[in-house]
Amino acid sequence: MRLFDEVRRLWREASGQERWERYVVRSRAAGLEPMSRRDWERRRSDHRDAHPEGRCC
1 MRLFDEVRRL WREASGQERW ERYVVRSRAA GLEPMSRRDW ERRRSDHRDA HPEGRCC
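Residue numbers are given in the UniProt record's numbering: position 39 of the sequence shown equals residue 39, and the series is strictly consecutive.
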């Protein structure tokens, strides 16, 4: 069972599910309506493209 839990955790981290869920919790705690997952991913992608200094290549 521990192996399954670790694989699940790694998958959720790699897929962005963990980040998405943290975003939703923070938004709701601040009294804001979270954007859709699709819009959130688009905004993250746009931000990474606009700020490439954090990447090596």
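Here a beta-carbon is modelled for each residue, glycine too, at the ideal position from N, C-alpha and C.
Predicted model, so just to flag it, every value in this text is computed and none were measured.
Query, Result
"Alpha helix (DSSP H) segment containing F45, residue limits", "Position check: residue 45 holds Ser in this sequence, whereas Phe was assumed. It spans 37-50 - the alpha helix (DSSP H) in which S45 sits, taken as one unbroken run."
"Rounded separation between L52 and R38 - CA only", "For clarity, residue 52 is Pro in the given sequence; the question names Leu instead. One C-alpha to the other measures close to 21 Å."
"Cα-Cα separation, F4 to E18", "17 Å"
"Same chain, Cβ closer than 8 Å to E33, neighbours up to 5 away in sequence not counted", "S27"
"Three-state class that DSSP yields for A29 in the structure shown", "helix"
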